[in-house]
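Asks:
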Amino acid sequence: SQSRARLQTQASWLAALRRAAASGAGPERLALASSVAVVVCDMALGLVVFAFLRASPATEVLETVADLHGWVYGQRLVALVTWLMGAPADFKLNRELTSFAGGLCLSMFSLWEKCAAQALGRS
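Residue numbers (this note's numbering): 174 to 296.
#1: Report back the beta-carbon spacing between Val245 and Gly275 to the nearest angstrom; my notes put them in contact at under 8 angstroms.
#2: Under 7 angstroms Cβ to Cβ from Met258, same chain only, skipping five residues before and after it: list those, please.
#3: Could you give the residue range of the alpha helix (DSSP H) that holds Ser196?
#4: With C-beta atoms as the reference, is Arg179 less than 7 angstroms away from Ala193?
#5: Look at Leu293 and Ala239 and say whether their C-beta atoms are less than 7 angstroms apart.
#6: Taking the alpha helix (DSSP H) that Ser283 falls in, what are its first and last residues?
#7: Measuring straight from C-alpha to C-alpha, what distance separates Ser176 and Ala228?
#8: Taking a contact to mean a Cβ-Cβ separation below 7 angstroms, would you say His242 touches Ala189 in this structure?
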């Protein structure tokens with residue numbers, strides 16, 4: 174799980190710090206700094222989201238999520254899949270395969286959008 178992976182990463186920091194100090198090599202230090210930065214950014218983002226959720230009324234958060242969901246699934250992904258079904262960057266693709274896969278993706282997006290709209294109270 175995600176929490177187990179984070180705990181394993183944090184548990185390895187002390188050993189990584191010792192290796193970096195002993196070897197004095199840049200790659201070990203860079204890997205350690207990258208690992209710490211990922212966890213710090215993850216925690217900071219979590220705190221920002223938590224503060225936003227605490228400060229906003231539940232209905233406003235639900236409306237924002239519903240609007241964002243509608244924009245992503247209703248507009249952006251459909252436009253991208255439609256573009257990929259054509260000839261993106263003038264690649265000559267197998268039209269039958271891209272049409273089938275694109276149609277399947279569009280159907281799944283539509284089904285997901287209907288289910289999510291029902292769950293979010295937007296029928």
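Beta carbons: idealized from backbone N, C-alpha and C, even for Gly.
Replies: Let me spell this out:
#1: Not a contact, Cβ separation roughly 17 angstroms.
#2: So the qualifying residues of the chain are Thr271, Ser272, Gly275.
#3: Start and end: 186 to 196.
#4: Not in contact: Arg179 and Ala193 (Cβ atoms no closer than 7 angstroms).
#5: Their beta carbons are under 7 angstroms apart, which means Leu293 touches Ala239 by this criterion.
#6: Unbroken alpha helix (DSSP H) run through Ser283: 268 to 292.
#7: One C-alpha to the other measures close to 26 angstroms.
#8: Taking 7 angstroms as the cut-off, the beta carbon of His242 is found no closer than this to the beta carbon of Ala189.
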